[in-house]
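S.K.:
Numbering (mature numbering (1 follows the signal peptide of the UniProt record, and there is no 0)), first residue to last: -26 to -1, 1 to 582.
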């Protein structure tokens, strides 16, 4: 990273953290009122832009979120921020930077990023150019200032112990700072400024509303690098085949390799079809929301794929029983559902089982033909799983699913885990509340699953498998003619009890405060939802780290993790495919931050 980029990031940090910078002079030059056009100071053809929305505003929203999440730790956090600010500022003042003004770090030309003078610029809102130079620049830096005849001034900036030549341009409400003279001359001359009116509509909304965001202008990138992108796309098949050794990587079937190729082709197709991408962070009193959003050009392949999707409320997710650690719901169209299943196939025949492969392929086509309408799932691995799916033809769907298990022989794989024996399938083994269930007994072979892995990775993977699965697992697949239910449990009584909780509406997850908080902060209509309980998720991750003790040099021993007490809190993920836009939201509630802090504090005490 060049010294200028480090300097620019430091300036952004200083501006956000500054507590003493009052709002002086005119109002913020870039208004953020919803629905109004916003004109930005950076060029319309800038390929990448980082922005912080309201210098003091973003800082205040961040600290308010942390204070609500960690009230007991807030004083210490604020002191650390203030101490860091004093060290970063040194002799600088930020009184000429309005706290409500946005700041931008702009990549003006991707091809010019390498070298000592990258084609990037920092745009700072100012009350006046002269006031900015007299306050933000140190006394020594002011002595190096040289006024230019073409509107490009030069100064030597010193941060982190290194001196960096920089060029300054007075944009009235803003000052442009860049290490590249050519970039500075662009700002000094007339140029077309970016505006929300020329950006894709949904991306513009997200970019403007976020506390901090990154905008990638794919229109510009495709115009500039379209030929190279298409050429690289042509090497995907060769690269995947070579990287996965022609299908010889353990646990990766030829069908999965083809699915990986399809996805990679899709990624490059999305770049070609895309108009732009935004990555954004929003600090809320309830927690932090992260968003990844892409918008696509009309009549492209990606646009046509998204137009077929119809998000929904996924309300049945709230009906799932409490006490498990992961809750999911989805409602995808046929093409998207087929692609997802192809990338992570549930059923994999043994390598030499051609007949099994043909049968599985046939049954999967029958399953898609049964008309999937969405499903909800709750998991408390390895003990309990409940999945409830809707199909146009539920009986046909059950027959197709059971047929997939019947097609698997010994040495085949379920969710990439090897089976010791063929599944033992018993039709109509159980009847319960109008449902008729087929019983399927599975015997997994963890040793065979990991046998081709390196020794250290082999042991760790085997331990993780034991935490996720029981070596002998029983599942039940059934229907009442309307819904398709899949259950796994240590015994039928536990399975039936879990189903009863769902059917009778006893203690649903939707009644908990943690679920309500997270769900309210995600889109009301979406294509897929995933809520994962904070304490159990972090415990599982730490257990995975603990399993590596003795195999990874110098890895500290953290000991057994105590489960968190109290009401459940949930990290939430929502994927929304709608119109010409694909959006992923990740919400981290303040309650989850507090729960994670409590758990990790106990871990660090053990390490110390």
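Don't be surprised by glycine CBs; every beta carbon is placed ideally from N, CA and C.
Inspect the beta-carbon positions of residue 489 and residue 368 and report whether they are closer than 8 Å.
M.R.: Not a contact, by the Cβ cut-off of 8 Å.
S.K.: Measure from the alpha carbon of residue 549 to the alpha carbon of each residue in 162, 505 and 271, then state which is nearest.
M.R.: It is 505 whose Cα lies nearest to the Cα of residue 549.
S.K.: Apart from the five residues just before and just after residue 124, which ones in its own chain have a Cβ nearer than 8 Å to its Cβ?
M.R.: Excluding positions up to five away in sequence, the list reads 159 and 162.
S.K.: Starting from residue 552 and walking both ways along the alpha helix (DSSP H), at which residues does that stretch end?
M.R.: No alpha helix (DSSP H) holds residue 552; the beta strand (DSSP E) holding it covers 544 to 552.
S.K.: Let me check understanding here. Comparing Cα to Cα, which of 407, 174 and 428 lies closest to residue 247?
M.R.: For the residues 407, 174 and 428, the minimum Cα distance to residue 247 belongs to 174.
S.K.: For residue 234, name the three-state secondary structure that DSSP assigns.
M.R.: If DSSP states are grouped into helix, strand and coil, residue 234 belongs with the helices.
S.K.: Apart from the five residues on each side of it in sequence, which residues of its chain come closer than 8 Å, Cβ to Cβ, to residue 220?
M.R.: At residue 220, the pLDDT of 48 sits below 50, so the modelled position is not reliable and the matter cannot be decided from this model.
S.K.: Short of 8 Å in beta carbon distance, which residues of its chain neighbour residue 200, apart from the five on each side in sequence? Order them along the chain.
M.R.: Excluding positions up to five away in sequence, the list reads 246.
S.K.: Of the residues 270, 308, 259 and 258, which one's Cα is nearest the Cα of residue 282?
M.R.: Of the candidates 270, 308, 259 and 258, the one whose C-alpha sits nearest the C-alpha of residue 282 is 308.
S.K.: Pull the bridge partners of residue 450 from the DSSP assignment, please.
M.R.: The partner list for residue 450 (beta bridge, DSSP) reads 413 and 461.
S.K.: Taking 8 Å as the cut-off, decide whether the C-beta atoms of residue 252 and residue 321 are in contact.
M.R.: The answer is no: Cβ separation not under 8 Å.
S.K.: List the endpoints of the continuous alpha helix (DSSP H) containing residue 382.
M.R.: No alpha helix (DSSP H) contains residue 382, which DSSP labels as neither H nor E.
S.K.: Only counting the same chain, and skipping five residues up and downstream in sequence, which positions put a Cβ closer than 8 Å to that of residue 65?
M.R.: Within the same chain, residue 65 has close Cβ partners 112 and 113.
S.K.: When the Cα atoms are used, what is the spatial distance from residue 571 to residue 539?
M.R.: Approximately 13 Å between the Cα atoms of the pair.
S.K.: Using only the alpha-carbon positions, how far apart do residue 409 and residue 567 sit?
M.R.: So the two alpha carbons sit approximately 41 Å from each other.
S.K.: For residue 312, does the three-state DSSP call read helix, strand or coil?
M.R.: Of the three classes helix, strand and coil, the one that applies to residue 312 here is helix, per DSSP.
S.K.: Quick one, which of 258, 49, 191 and 26 has its alpha-carbon nearest residue 17's?
M.R.: Of the candidates 258, 49, 191 and 26, the one whose C-alpha sits nearest the C-alpha of residue 17 is 191.
S.K.: Spell out the partners DSSP gives residue 270 in its beta bridges.
M.R.: Paired residue(s): 248.
S.K.: Between the alpha carbons of residue 386 and residue 186, how many angstroms are there, rounded?
M.R.: Looking at the two C-alpha atoms, the distance is approximately 48 Å.
S.K.: In the DSSP assignment, the beta strand (DSSP E) including residue 559 goes from what residue to what residue?
M.R.: Taken as a continuous stretch (DSSP letters only), the beta strand (DSSP E) holding residue 559 covers 555 to 563.
S.K.: I'd like the list of long-range same chain contacts for residue 144, defined as Cβ closer than 6 Å, with 5 residues on each side in sequence excluded.
M.R.: Only 103 meet the Cβ criterion.
S.K.: Taking 6 Å as the limit between beta carbons, can you name the residues of its chain near residue 358, skipping five residues before and five after?
M.R.: Excluding positions up to five away in sequence, the list reads 463 and 472.
S.K.: Taking the CB atoms as reference points, tell me whether residue 99 and residue 77 lie closer together than 8 Å.
M.R.: Yes. Within cutoff.
S.K.: Using the C-alpha atoms, what's the distance from residue 435 back to residue 381?
M.R.: In a straight line, the C-alpha of residue 381 is about 27 Å away from that of residue 435.
S.K.: Quick one: is residue 279 buried, meaning 16 or more other Cβ sit within 10 Å of its Cβ, or exposed?
M.R.: By the neighbour-count rule (16 or more Cβ atoms within 10 Å), residue 279 is buried.
S.K.: Check residue 209 in the structure and name its three-state DSSP category.
M.R.: Of the three classes helix, strand and coil, the one that applies to residue 209 here is coil, per DSSP.
S.K.: Check whether the segment 425 to 434 and the segment 456 to 470 are in contact - that is, three or more C-beta pairs closer than 8 Å.
M.R.: Not touching, per the Cβ criterion.
S.K.: For residue 302 versus residue 237, is the C-beta distance shorter than 8 Å?
M.R.: No. Outside cutoff.
S.K.: Is the separation between the beta-carbon of residue 266 and that of residue 558 shorter than 8 Å?
M.R.: Result yes, Cβ atoms of residue 266 and residue 558 sit closer than 8 Å.
S.K.: So, is residue 263 buried or exposed, given that buried needs 16 or more other C-beta atoms within 10 angstroms?
M.R.: Result: buried.
S.K.: Counting only the same chain and skipping the five closest in sequence on each side, list residues whose C-beta sits under 6 Å from that of residue 383.
M.R.: Only 324, 327, 330 and 396 meet the Cβ criterion.
S.K.: Leaving out the 5 sequence neighbours to the left and right, which residues in its chain are closer than 6 Å to residue 449 when beta-carbon positions are compared?
M.R.: 414 and 462, listed in sequence order.
S.K.: Return the residue from the list 39, 544, 106 and 249 that minimises the CA-CA distance to residue 146.
M.R.: Selected option, being the one with the closest Cα: 106.
S.K.: Could you check what DSSP says for residue 119 in three-state terms: helix, strand or coil?
M.R.: Coil.
S.K.: Reducing DSSP to helix, strand and coil, say where residue 287 ends up.
M.R.: Looking at residue 287 - three-state DSSP - the assignment turns out to be coil, as it is neither helix nor strand.
S.K.: Only counting runs of 3 or more residues, tell me where the beta strand (DSSP E) segments fall wholly within the segment 34 to 67, in order along the chain.
M.R.: For the segment 34 to 67, not a single whole beta strand (DSSP E) run of length 3 or above is found.
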